[in-house]
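Number of protein chains: 2
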Amino acid sequence: MNDISFNTRDCGSCPIRHRAVCARCQPDELEQLDAIKYYRTFEAGQPVIWSGDPMEFVSSVVSGIATLSQTMEDGRTQMVGLLLPSDFIGRPGRDAAPFDVVAVTDLTLCCFRKKPFEDMMEKTPAIGTRLLQMTLDELDSAREWMLVLGRKTAREKIASLLAILARRDASLHKKPPRDGMSFELPLTREAMADYLGLTLETVSRQVSALKKTGVVELQGKRRVTIPDLQALITETGDDVDGAPIV
Amino acid sequence: MNDISFNTRDCGSCPIRHRAVCARCQPDELEQLDAIKYYRTFEAGQPVIWSGDPMEFVSSVVSGIATLSQTMEDGRTQMVGLLLPSDFIGRPGRDAAPFDVVAVTDLTLCCFRKKPFEDMMEKTPAIGTRLLQMTLDELDSAREWMLVLGRKTAREKIASLLAILARRDASLHKKPPRDGMSFELPLTREAMADYLGLTLETVSRQVSALKKTGVVELQGKRRVTIPDLQALITETGDDVDGAPIV
DNA sequence: CGCATAATTGACAATATTCAACTGCGGTGG
DNA sequence: CCACCGCAGTTGAATATTGTCAATTATGCG
Numbered sequence: 001m002n003d004i005s006f007n008t009r010d011c012g013s014c015p016i017r018h019r020a021v022c023a024r025c026q027p028d029e030l031e032q033l034d035a036i037k038y039y040r041t042f043e044a045g046q047p048v049i050w051s052g053d054p055m056e057f058v059s060s061v062v063s064g065i066a067t068l069s070q071t072m073e074d075g076r077t078q079m080v081g082l083l084l085p086s087d088f089i090g091r092p093g094r095d096a097a098p099f100d101v102v103a104v105t106d107l108t109l110c111c112f113r114k115k116p117f118e119d120m121m122e123k124t125p126a127i128g129t130r131l132l133q134m135t136l137d138e139l140d141s142a143r144e145w146m147l148v149l150g151r152k153t154a155r156e157k158i159a160s161l162l163a164i165l166a167r168r169d170a171s172l173h174k175k176p177p178r179d180g181m182s183f184e185l186p187l188t189r190e191a192m193a194d195y196l197g198l199t200l201e202t203v204s205r206q207v208s209a210l211k212k213t214g215v216v217e218l219q220g221k222r223r224v225t226i227p228d229l230q231a232l233i234t235e236t237g238d239d240v241d242g243a244p245i246v
Numbered sequence: 001m002n003d004i005s006f007n008t009r010d011c012g013s014c015p016i017r018h019r020a021v022c023a024r025c026q027p028d029e030l031e032q033l034d035a036i037k038y039y040r041t042f043e044a045g046q047p048v049i050w051s052g053d054p055m056e057f058v059s060s061v062v063s064g065i066a067t068l069s070q071t072m073e074d075g076r077t078q079m080v081g082l083l084l085p086s087d088f089i090g091r092p093g094r095d096a097a098p099f100d101v102v103a104v105t106d107l108t109l110c111c112f113r114k115k116p117f118e119d120m121m122e123k124t125p126a127i128g129t130r131l132l133q134m135t136l137d138e139l140d141s142a143r144e145w146m147l148v149l150g151r152k153t154a155r156e157k158i159a160s161l162l163a164i165l166a167r168r169d170a171s172l173h174k175k176p177p178r179d180g181m182s183f184e185l186p187l188t189r190e191a192m193a194d195y196l197g198l199t200l201e202t203v204s205r206q207v208s209a210l211k212k213t214g215v216v217e218l219q220g221k222r223r224v225t226i227p228d229l230q231a232l233i234t235e236t237g238d239d240v241d242g243a244p245i246v
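So the sequence lines, in the order shown, correspond to chains A and B. Numbering-wise (UniProt numbering), the first sequence opens with residue 1 and increments by one. Numbering-wise (UniProt numbering), the second sequence opens with residue 1 and increments by one.
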């Protein structure tokens, strides 16, 4: 995976074409972007950028998963975002990265040097418009996650995370989520803990508890089956159709 | 306060002129906005909009404070934002409000009906650009707040909130924050609790604890003095110059 | 001055964390 | 080929922190 063939791929066949920051661009605009884009790949576990570092480029996630997180001096860390294919990394108009970005799986980014991208943005309203839309969505997601962090119990937090991952996996395969669906957990217990503001032991206990109640089934440590979607959603504490966070 | 004179005020003398969504507009663009704007006022405690309601207008906070919050079925609520003068309410391109907005103090909004505003945005890049910038800032703030909610202790949470309010109050008066500064607490203990993901009793206890240690002094329940700013920042758990959240 | 609301404080309970031991799985090398 | 090593995950027991329930005290407003 992550082979060099990405470098020669033209935007028309790009898997994130319809969802990324370039989604609204016209063919001629795409051509311009094509001319200044380049791909970068990162292996699972590699850092993409550290908080405070100068950002030379902005980028879109083409494939793989990255995390956005923050760490305190004493080592406590909080994940503040999960970056999936089509998500945008970087900030036109700011030099230093505000958070750490780390590749969780092997990762491919479609990059643009910052200055040329900013220039292009000025001339191309479709980019700014799309970026605004994506940013507003991210803001809503972040705010919804604040409810999870601030007010939910450990059990509700775990259920909320699983519900999100289930929805995401379903939308990735372009099917509605359904009873009996299963998906791969992309995160370790520790990463889950960092996302949920818990310790990894508490995560482990609550996953076991949900398993014991039959709300989820596990095949190995990483594959999850949801026999009854409604039962899972009930465990999140949200009402019937909990918001599709992130 | 909130008198009708706002209605005839022209944009040039507007107190949030340099920070709001219109900050980058040219005189002719301001004139156009002027033609479609109208002011609305809300008394302290009044709802501005409920989550799920159709949004007929977008607006900027001109004066006063509002909260943005989310409530679960069983009554647990989490504040997800504090809206101060110049902050923007609403979302071009979305019909339903994602969160509850409530006036905490008497509040004046500069409103635009949604459709005309969206039309104007299409013709006026300065608005979209400014809104993108503001939204990206809000997103960073929301993510920084996630660290507070997910990883900080009750004492650190209180200190973090006080530090933010101190910084804000200072910037409102265009002075750098300094030792011995004091400001008015705009929030009840319950509102603080909803912001911090705590109970009001825990808030009360931790405020008392900080008072006992001499980190803060109280004149009455609502006026706070910070004798030693660095001591407060140390209590937040952040490093030297904790990020200027929100 | 009195009432309603906001805030404080105490005692106890619930929840999550900490520290520690242990299990199971996958990969490596003898 | 299999034993061993290391890591991710699980589980247990004790502890700490925060929440809950209840009583009491301020505060500000009419």
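Just so you know, even glycine gets a beta-carbon here, dropped at the ideal spot from N, CA and C. The model shown is predicted, which means the values in this text are computed figures rather than measured ones.
{"Check": "Can A/Q78 and B/G150 be called in contact, C-beta distance under 8 Å?", "Outcome": "yes"}
{"Check": "I need the straight-line Cα distance from A/R222 to A/R167, nearest angstrom please.", "Outcome": "17 Å"}
{"Check": "Among A/R40, A/Q219, A/E190, A/C11, whose alpha-carbon lies nearest the alpha-carbon of A/R113?", "Outcome": "A/R40"}
{"Check": "Beta-carbon of A/L232 versus every beta-carbon of chain B: anything under 8 Å?", "Outcome": "no"}
{"Check": "I want to see whether chain A comes within less than 8 Å of B/F99, judged by CB atoms only; does it?", "Outcome": "yes"}
{"Check": "Less than 8 Å separating the beta-carbons of A/V216 and A/T225?", "Outcome": "yes"}
{"Check": "Between A/M146 and chain B, is any beta-carbon pair separated by less than 8 Å?", "Outcome": "yes"}
{"Check": "Return the bridge partner residues of B/Y39 from the DSSP annotation.", "Outcome": "B/C110"}
{"Check": "Three Cβ pairs or more, each shorter than 8 Å: is that satisfied between the region 57-76 of chain A and the region 135-149 of chain A?", "Outcome": "no"}
{"Check": "Give me the residue from A/D87, A/E118, A/C110 with the minimum Cα distance to A/R94.", "Outcome": "A/E118"}
{"Check": "Specify whether the region 95-109 of chain A and the region 30-49 of chain A touch according to this definition: at least 3 beta carbon pairs, one from each stretch, less than 8 Å apart.", "Outcome": "yes"}
{"Check": "For A/G180, count neighbouring C-beta atoms within 10 Å of its own C-beta (all shown protein chains included) and say buried if the count is 16 or more, exposed if not.", "Outcome": "exposed"}
{"Check": "By DSSP's criteria, A/V61 is part of a beta bridge. Which residues make up the other side?", "Outcome": "A/L109"}
{"Check": "Excluding the 5 residues flanking A/M1 on each side, which residues of the same chain have their C-beta closer than 7 Å to its C-beta?", "Outcome": "Note that A/M1 scores a pLDDT of 45, beneath 50, so its modelled location is shaky; the value from the coordinates is reported in the next line. Taken in chain order, the residues that qualify are D106."}
{"Check": "Just to confirm my understanding: we take B/Q206, look at its own chain, exclude 5 residues before and 5 after, and list those with CB closer than 6 Å. What are they?", "Outcome": "A154, R155, I158"}
{"Check": "To test your reading of the DSSP string, which unbroken beta strand (DSSP E) runs of 3 or more residues are found completely within the region 191-221 of chain A?", "Outcome": "217-219"}
{"Check": "Looking at chain B, is there any beta carbon in it that lies within less than 8 Å of the beta carbon of A/Q46?", "Outcome": "no"}
{"Check": "Does DSSP put B/P227 in a helix, in a strand, or in coil?", "Outcome": "coil"}
{"Check": "Do B/A163 and B/L232 come within 8 Å of each other at the CB atom, strictly closer than that value?", "Outcome": "yes"}
{"Check": "With a 10 Å radius around its C-beta and 16 neighbouring C-beta atoms as the bar for buried, classify B/L187 as buried or exposed.", "Outcome": "buried"}
{"Check": "Can at least three beta-carbon pairs, one atom from the region 133-144 of chain B and one from the region 132-143 of chain A, be found at a separation below 8 Å?", "Outcome": "yes"}
{"Check": "Could you give the uninterrupted runs of the beta strand (DSSP E) lying entirely in the region 95-153 of chain A, keeping only those of 3 residues or more?", "Outcome": "100-103, 107-113"}
{"Check": "With DSSP as the reference, label B/I89 as helix, strand or coil.", "Outcome": "strand"}
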